[in-house]
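Residue numbers (the numbering used here), protein chains in the order written: chain Y, 91 to 248; chain U, 187 to 606; chain F, 33 to 201; chain E, 7 to 390. We put the beta carbon where it would ideally sit given N, CA and C, even for glycine.
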Amino acid sequence: MVEGLKRRFGTGLEALTYLGQNYLQVEGAIAGELLHILCEEEQFDYCVDITALHYPKRERPFDVIWILYSFPKNERVRVKAQFADGAPVQSVVSLWPTANWLEREVFDMFGIRFEGHPDLKRILLPDGWKGHPLRKDYGILQQDQEWVQINLGIESGQ
Amino acid sequence: MIPDYITSYLDKSVRVTPGEAGNIFWALVYILCVFGGVSLVVVCMNWLERKILAHMQIRLGPMRVGPHGLLQPIADALKLILKEDIIPEGADVLVFWTAPLIILLAVFSVYCVIPFGPTHAITDMNIGLLFMLGVSSLGVLGIVMAGWASNSHYPLIGALRSSAQMVSYEVAMGLAVVSAVLMTSLNAQGTGTLSMIGIVQAQQAQQTWFLFKFFPLGLVAFVVFAIAMVAETNRAPFDLPEAESELTAGFHTEYSGLRWSLFMLGEYAAMIAVSSIAITLWLGGWMRPFPHLLTGQAWDLAFSLFPALTFFGLAGLAFYAVGKMWAILYFRVQAIGLAGLAAVFGLIGLILLLRPVRTGVQDIYWFVAKIAVFLYLFIWYRATFPRYRFDQLMKVGWKVLLPIGLGVLVLTAIAGVIFG
Amino acid sequence: MTPVATPFFFYMLSGLMVVGGLFVITRRNPVHSALALIVTLLAQAGLYLMLYAPFVAGVQIILYVGGIMVLFLFVIMLVNLERTEKEKPFNKQWLVGIASAVALGAMFVGVYVRGRALLPEHTVSLPEAENTQQVGLMLYGNYMLAFEIASLLLLVAIIGAVVMAKKRI
Amino acid sequence: MNDPTSGVSHLDFDAKESTFLDASELIINMGPQHPATHGVLRVILKLDGEKVMGLECVIGYLHRGVEKIAENRTYAMFNPYVDRMDYVAAVSNGLGYCEAVEKLLNVEASPRAKYIRVILTELNRIASHQLWLGTHALDIGAMTPLFYTFRDREEILKIFEKYCGARLTTHAFRIGGCQYETYDGFEQDVRNFLDFFAPKIDEYEELLTTNRIWVQRTRDVGVISGKDCIALGVTGPVLRASGVKWDLRKAQPYAAYKEFDFEIPVGTKGDTYDRYLVRMAEMRQSMRIIRQAVDGLPSGPIMAKVPKVLKPPVGEIYHSIEAPKGELGYFIVSDGSTQPYRVRVRPPSFVNLQALDLMCKDQLVADVIAVIGTLDIVLGEVDR
Numbered sequence: 091m092v093e094g095l096k097r098r099f100g101t102g103l104e105a106l107t108y109l110g111q112n113y114l115q116v117e118g119a120i121a122g123e124l125l126h127i128l129c130e131e132e133q134f135d136y137c138v139d140i141t142a143l144h145y146p147k148r149e150r151p152f153d154v155i156w157i158l159y160s161f162p163k164n165e166r167v168r169v170k171a172q173f174a175d176g177a178p179v180q181s182v183v184s185l186w187p188t189a190n191w192l193e194r195e196v197f198d199m200f201g202i203r204f205e206g207h208p209d210l211k212r213i214l215l216p217d218g219w220k221g222h223p224l225r226k227d228y229g230i231l232q233q234d235q236e237w238v239q240i241n242l243g244i245e246s247g248q
Numbered sequence: 187m188i189p190d191y192i193t194s195y196l197d198k199s200v201r202v203t204p205g206e207a208g209n210i211f212w213a214l215v216y217i218l219c220v221f222g223g224v225s226l227v228v229v230c231m232n233w234l235e236r237k238i239l240a241h242m243q244i245r246l247g248p249m250r251v252g253p254h255g256l257l258q259p260i261a262d263a264l265k266l267i268l269k270e271d272i273i274p275e276g277a278d279v280l281v282f283w284t285a286p287l288i289i290l291l292a293v294f295s296v297y298c299v300i301p302f303g304p305t306h307a308i309t310d311m312n313i314g315l316l317f318m319l320g321v322s323s324l325g326v327l328g329i330v331m332a333g334w335a336s337n338s339h340y341p342l343i344g345a346l347r348s349s350a351q352m353v354s355y356e357v358a359m360g361l362a363v364v365s366a367v368l369m370t371s372l373n374a375q376g377t378g379t380l381s382m383i384g385i386v387q388a389q390q391a392q393q394t395w396f397l398f399k400f401f402p403l404g405l406v407a408f409v410v411f412a413i414a415m416v417a418e419t420n421r422a423p424f425d426l427p428e429a430e431s432e433l434t435a436g437f438h439t440e441y442s443g444l445r446w447s448l449f450m451l452g453e454y455a456a457m458i459a460v461s462s463i464a465i466t467l468w469l470g471g472w473m474r475p476f477p478h479l480l481t482g483q484a485w486d487l488a489f490s491l492f493p494a495l496t497f498f499g500l501a502g503l504a505f506y507a508v509g510k511m512w513a514i515l516y517f518r519v520q521a522i523g524l525a526g527l528a529a530v531f532g533l534i535g536l537i538l539l540l541r542p543v544r545t546g547v548q549d550i551y552w553f554v555a556k557i558a559v560f561l562y563l564f565i566w567y568r569a570t571f572p573r574y575r576f577d578q579l580m581k582v583g584w585k586v587l588l589p590i591g592l593g594v595l596v597l598t599a600i601a602g603v604i605f606g
Numbered sequence: 033m034t035p036v037a038t039p040f041f042f043y044m045l046s047g048l049m050v051v052g053g054l055f056v057i058t059r060r061n062p063v064h065s066a067l068a069l070i071v072t073l074l075a076q077a078g079l080y081l082m083l084y085a086p087f088v089a090g091v092q093i094i095l096y097v098g099g100i101m102v103l104f105l106f107v108i109m110l111v112n113l114e115r116t117e118k119e120k121p122f123n124k125q126w127l128v129g130i131a132s133a134v135a136l137g138a139m140f141v142g143v144y145v146r147g148r149a150l151l152p153e154h155t156v157s158l159p160e161a162e163n164t165q166q167v168g169l170m171l172y173g174n175y176m177l178a179f180e181i182a183s184l185l186l187l188v189a190i191i192g193a194v195v196m197a198k199k200r201i
Numbered sequence: 007m008n009d010p011t012s013g014v015s016h017l018d019f020d021a022k023e024s025t026f027l028d029a030s031e032l033i034i035n036m037g038p039q040h041p042a043t044h045g046v047l048r049v050i051l052k053l054d055g056e057k058v059m060g061l062e063c064v065i066g067y068l069h070r071g072v073e074k075i076a077e078n079r080t081y082a083m084f085n086p087y088v089d090r091m092d093y094v095a096a097v098s099n100g101l102g103y104c105e106a107v108e109k110l111l112n113v114e115a116s117p118r119a120k121y122i123r124v125i126l127t128e129l130n131r132i133a134s135h136q137l138w139l140g141t142h143a144l145d146i147g148a149m150t151p152l153f154y155t156f157r158d159r160e161e162i163l164k165i166f167e168k169y170c171g172a173r174l175t176t177h178a179f180r181i182g183g184c185q186y187e188t189y190d191g192f193e194q195d196v197r198n199f200l201d202f203f204a205p206k207i208d209e210y211e212e213l214l215t216t217n218r219i220w221v222q223r224t225r226d227v228g229v230i231s232g233k234d235c236i237a238l239g240v241t242g243p244v245l246r247a248s249g250v251k252w253d254l255r256k257a258q259p260y261a262a263y264k265e266f267d268f269e270i271p272v273g274t275k276g277d278t279y280d281r282y283l284v285r286m287a288e289m290r291q292s293m294r295i296i297r298q299a300v301d302g303l304p305s306g307p308i309m310a311k312v313p314k315v316l317k318p319p320v321g322e323i324y325h326s327i328e329a330p331k332g333e334l335g336y337f338i339v340s341d342g343s344t345q346p347y348r349v350r351v352r353p354p355s356f357v358n359l360q361a362l363d364l365m366c367k368d369q370l371v372a373d374v375i376a377v378i379g380t381l382d383i384v385l386g387e388v389d390r
């Protein structure tokens, strides 16, 4: 499988293994296409999770991670791609409907925009909230004071 | 003049209900007795339901207020009366106000014609049964008004559900009732009656409860009625209008305090009312069990001892509970209270042994005992059954009960012609 | 049993009916109108009782109040009330309405004045206790055919309603 | 916030759709305080009479930022926090987290620790299913099973309490094994429970399985096909009830599950009744596993050799277990320090809840309640 993918994508793709778990490190630009192939051709029919990592000091600070599973093969694979702040990521809702809420959560927590998502908006935090809490520059005690004051009528939620 | 008016009714030769005799004083006395009695029973029922339900569900139920929580209904009533009475914003105040009153009015009007004995009814109308069905069908208006006036979605859905439900089940109920009325016409004149007392007297004359008449036709009609009457009173498993897990509390979601308690009073009073209809129509009303199988002086005496025995049993139960109380100070007060209650029960039992009292309360006792069985059934249903869904409820009403009711009606008519 | 205060009850019930009727047409809120109509129908049932027709009174309550009006309310609650609240209650038909009401009233007065001699002087004594049985015997005896035709008509109406309400059968 | 339609976009509220009698559709706000939403779930329903035309879940009322907290705690300090997610199956959460960190550290728990873990996790699965059964039945209107299941759940909680002192948020496991050796009589207690509980399941089933109303209320309600389940990422009993025989304990065994003999119950139709049957069968299978584990409980140490200060090497790990509600995954990224760089939890309830919309379409209001119950969500886990 890896050979076929490498032939197709060339240097943009790197297949790695850590602690017995396989993952594909890919360029952000080809992530969408790769996921499409994994879903359609390689039978990865179950999108377990979508999440992200934030490395503020990097040039492209976001890692978006798709964890996939194949029921026919009983096999997991992780796809990992780097994205710049504000760069749109291709949505996979059309491939796996489960990605809907998962992408919304990533957007909510990291502010990563997914292109082609039917209804990208906050999911866990209230709609008017400012800031994306899982970014590393967002302190653990930090909160949207303004929102708390307006909506809850208190000075601090803590 | 006035004492004459009062005593004239007590003349043994009268033997009619005060309403028929046109005696307003005794009618008033009866009204007060019935309404007071029903309210008291509802209060007791409140405690009993919680207790019985609790024991079915391996818990104890109310235990704190009074011995075994006996004073709980009083505490509840106090709480409800003192509670703030909230009228939601945007509610239609007049309709909101009148809704519980209409329910109560409808339910209590039914008691006008319920015969607790051959003469123990407020009045006897010749359209008694029709009156009962008609008036109890007014109760749904109160529910609809309450749901609509609350200006809130959950009550509105509850009201919609209950209006559809009650209208549907009234049909099946009516058919079942008619088949019982048909049975009353099996006499020499060939004319039946709608009078509640007349129906029981017809059963007396035919020497059978209508439950066993044309077996199994009477039984089937009774079952149809028994199912429909649960639906009519919005009790489990047909409690969709107030399904707590779906509609929070259905039509009375927005009610609180006294007005809410009026709804509860109405619901329990309605349970008693429909049970009385079923008893009157199929279970021989005030007649004691086996009135024609076990005849003779000895049997009469044996059955006439039942009221006293019941109270002795209650007293014994209370004494037993006193014995089981823990011997600490907190419980000593309760134990004394309970022992007092037991003594009162015992005393009532003793009074009931006296010959004139014994014969006098016979009818009332058996009627009330039959009601108690029905009320226990209501509680039992609630502990056992899940709730129907709305469309299934309609299906049961229209596709099962209605055809069965119609079939029973037709078969009863045929049987009446052949065997009557 | 002798009736008590007959004129009082007659005028009270009639007044209730008239007031209820007025409320039905003047209320903007259809639910209030329906409730007023219920009051009217109940008062009418009372009038039937006064006419020694307890069976008709009972049926009036069961059918009209317990059945039809509940369905009315059911439908009214389903539709949007806000729109009807804004609309004028009498949309240009009030002239016709008043005209027909006046005509009807004139007819009643005319019948009362001219046909007075035809009305019985004394109250007719009707067998109250036998009323229901009488109605039954009449319906299933003398007017058997009419009764059956009426029930057939109702059956047709039910089927028609089902056909119209159901989009697919 | 007080507007019931706030935060709703995909339901087009102004659209004219044909409804019964052309009546206007009803927008109902169910929750966040509602007796049947199992916590603070808010569902906005668009109704035509009683029929559901569409719904939208609004979640996040219980959001506590667990993933953010994880980044500011050491590996061991974060361990108790995971119990607070799915609080009715706290042991499973702890198992998943501990195993993930162990994998990252490249240590393996001792066989005895693994067996103890299996026993406690399976007991917890039974407790979780019991709670589900009671509340689900209560939602559908059967009051009594709730009290029966709570009575029997108490026995499990007593074992937990005797073992680790806590009943609900147990924090039973440590990274590297178990902190506590089993108390004297642990095995006997577990065996006693199994003997006690076997007839109790029959008791539940007696009340419900052949109850006509129960069957009518659950048959063909909230049907979801196996294909839809996979597409929506729905796992656990819901997936199995739709006919997909997939259980992580078999597919990718963890802890000591490889050594036990048990079956994966599957359903056929994927309706609420099948899900009920599957969960009942799962309780029986769990009892089977527990009995095998107790009988074969090996002796030996309960803690593997782990350093006092946990500093996993740089790297990342995804480890998932079969929690009572579905696949519970932990994705942990280490930057070599004492605190995780990122802990991502893949909550089964959150993903399963997404299927609510599909399962409730064109059903009645009462079915929404049944479906919420049958999905077996815990809002602590949905919102984290």
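Under DSSP, the beta strand (DSSP E) around Met-36 (chain E) begins and ends at which residues?
Mapped onto the fourth sequence, residue 36 (chain E) falls at position 30. Met-36 (chain E) -> beta strand (DSSP E) spans 32 to 36.
If you draw a straight line from the alpha carbon of Ile-238 (chain U) to that of Val-154 (chain Y), how long is it in whole angstroms?
Numbered from its first residue, the second sequence carries residue 238 (chain U) at position 52. Numbered from its first residue, the first sequence carries residue 154 (chain Y) at position 64. C-alpha separation (whole angstroms): 59 Å.
Return no unless some Cβ of chain A is closer than 8 Å to the Cβ of Lys-74 (chain E).
Note that chain A does not occur in the displayed structure, where the protein chains are Y, U, F and E.
Neighbour flag for Leu-500 (chain U) against chain F, beta carbons, 8 Å
As a working mapping, residue 500 (chain U) is identified with position 314 in the second sequence. No, no contact with chain F.
Which residues in chain F sit within 9 Å of Leu-327 (chain U), going by Cβ to Cβ distance?
Here the question's residue 327 (chain U) lines up with position 141 in the second sequence. Near Leu-327 (chain U) (Cβ distances below 9 Å), the residues of chain F are Leu-67, Ile-70, Val-97, Gly-98, Met-101, Val-102, Leu-105.
Is the CB of Glu-454 (chain E) under 8 Å away from at least one CB in chain U?
As displayed, chain E neither begins before 7 nor continues past 390, which places residue 454 (chain E) out of reach and without an answer.
Following the continuous beta strand (DSSP E) through Lys-52 (chain E), name the residue where it begins and the one where it ends.
The residue given as residue 52 (chain E) occupies position 46 in the fourth sequence. That run of the beta strand (DSSP E) goes 48 to 54.
Comparing alpha-carbon positions, which option in E:Tyr-324, E:Glu-265, E:Val-320 lies nearest Asp-301 (chain E)?
Here residue 301 (chain E) is taken as the residue at index 295 of the fourth sequence, counted from 1. When each option's Cα is compared against that of Asp-301 (chain E), the closest is E:Glu-265.
Measuring only the C-alpha atoms, how far is Glu-56 (chain E) from Pro-423 (chain U)?
The residue you call residue 56 (chain E) lines up with position 50 of the fourth sequence. The residue you call residue 423 (chain U) lines up with position 237 of the second sequence. Going from the Cα of Glu-56 (chain E) to the Cα of Pro-423 (chain U) covers about 18 Å.
What residue range does the beta strand (DSSP E) around Met-59 (chain E) cover?
To locate residue 59 (chain E), count along the fourth sequence from 1; it is residue 53. Run containing Met-59 (chain E): 57 to 64, per the beta strand (DSSP E) assignment.
Can you pull out the residues from the segment 179 to 194 of chain Y whose beta carbon lies closer than 7 Å to at least one beta carbon of chain E?
Trp-186, Pro-187, Thr-188, Asn-190, Trp-191
Coil, strand or helix - Gly-332 (chain E) by DSSP:
Counted from its first residue, the fourth sequence places residue 332 (chain E) at position 326. If DSSP states are grouped into helix, strand and coil, Gly-332 (chain E) belongs with the strands.
Tell me Ser-340 (chain E)'s beta-bridge partners as DSSP assigns them.
Stepping through the fourth sequence from its first residue, residue 340 (chain E) is reached at position 334. Per DSSP, E:Gly-321, E:Pro-346.
For Met-476 (chain E), count neighbouring Cβ atoms within 10 angstroms of its own Cβ and tell me buried if that reaches 16, exposed if not.
The structure shown has nothing for residue 476 (chain E), since chain E only spans 7 to 390.
Answer yes or no: does any C-beta atom of chain E fall closer than 8 Å to that of Ala-332 (chain U)?
For the purposes of this step, residue 332 (chain U) is taken as residue 146 along the second sequence, with counting starting at 1. Cβ-Cβ to chain E under 8 Å: no for Ala-332 (chain U).
Counting only the same chain and skipping the five closest in sequence on each side, list residues whose C-beta sits under 7 Å from that of Met-7 (chain E).
To locate residue 7 (chain E), count along the fourth sequence from 1; it is residue 1. Because the pLDDT of Met-7 (chain E) is 36, which lies under 50, any placement of that residue in the model is unreliable, and the question is left without a value.
For a test of the three-state rule: what should DSSP assign to Leu-27 (chain E), helix, strand or coil?
Taking the fourth sequence and counting its residues from 1, one reaches residue 27 (chain E) at position 21. Because Leu-27 (chain E) carries a pLDDT of 46, less than 50, the predicted location of this residue cannot be relied on, and no value is offered for it.
Val-182 (chain Y) and Leu-124 (chain Y) closer than 8 Å at C-beta
By one-based count along the first sequence, residue 182 (chain Y) stands at place 92. By one-based count along the first sequence, residue 124 (chain Y) stands at place 34. No, they are not a contact pair.
Please give me, in chain order, every unbroken run of the beta strand (DSSP E) with length at least 3 that falls completely inside the segment 148 to 186 of chain Y.
152 to 160, 165 to 173
Relative to the C-alpha of Gln-244 (chain E), which residue among E:Gly-335, E:Trp-138, E:Ala-148 is closest?
Sequence index remark: in the fourth sequence, residue 244 (chain E) carries index 238 (1-based). Reading off the sequence, residue 244 (chain E) comes out as Val, not Gln. Comparing Cα positions, the closest option is E:Trp-138.
Going by DSSP, what residue range makes up the beta strand (DSSP E) through Tyr-279 (chain E)?
The residue given as residue 279 (chain E) occupies position 273 in the fourth sequence. Note, Tyr-279 (chain E): premise wrong, no beta strand (DSSP E); alpha helix (DSSP H) at 278 to 301.
Using the C-alpha atoms, what's the distance from Ala-459 (chain U) back to Leu-27 (chain E)?
Here residue 27 (chain E) corresponds to residue number 21 of the fourth sequence, with the count starting at 1. Here residue 459 (chain U) corresponds to residue number 273 of the second sequence, with the count starting at 1. Because the pLDDT at Leu-27 (chain E) is just 46, under 50, the model does not fix this residue reliably, and the value given afterwards should be weighed accordingly. Cα-Cα distance, rounded: 36 Å.
For the segment 313 to 337 of chain E, which residues have a beta carbon sitting closer than 8 Å to at least one beta carbon of chain Y?
Gly-321, Glu-322, Ile-323, Tyr-324, Ser-326, Glu-333, Gly-335, Phe-337
Taking Cβ-Cβ distances shorter than 8 Å, what residues in chain Y pair up with Trp-252 (chain E)?
Position 246 of the fourth sequence holds residue 252 (chain E). Within chain Y, the residues near Trp-252 (chain E) are Phe-161.
Report the three-state DSSP secondary structure of Arg-180 (chain E) (helix, strand or coil).
Locating residue 180 (chain E) in the fourth sequence gives position 174, where the first residue counts as 1. Strand, per DSSP.
What's the gap between the Cα of Ala-77 (chain F) and the Cα of Leu-32 (chain E)?
Locating residue 77 (chain F) in the third sequence gives position 45, counting from the first residue. Locating residue 32 (chain E) in the fourth sequence gives position 26, counting from the first residue. Cα to Cα, the separation comes out at about 37 Å.
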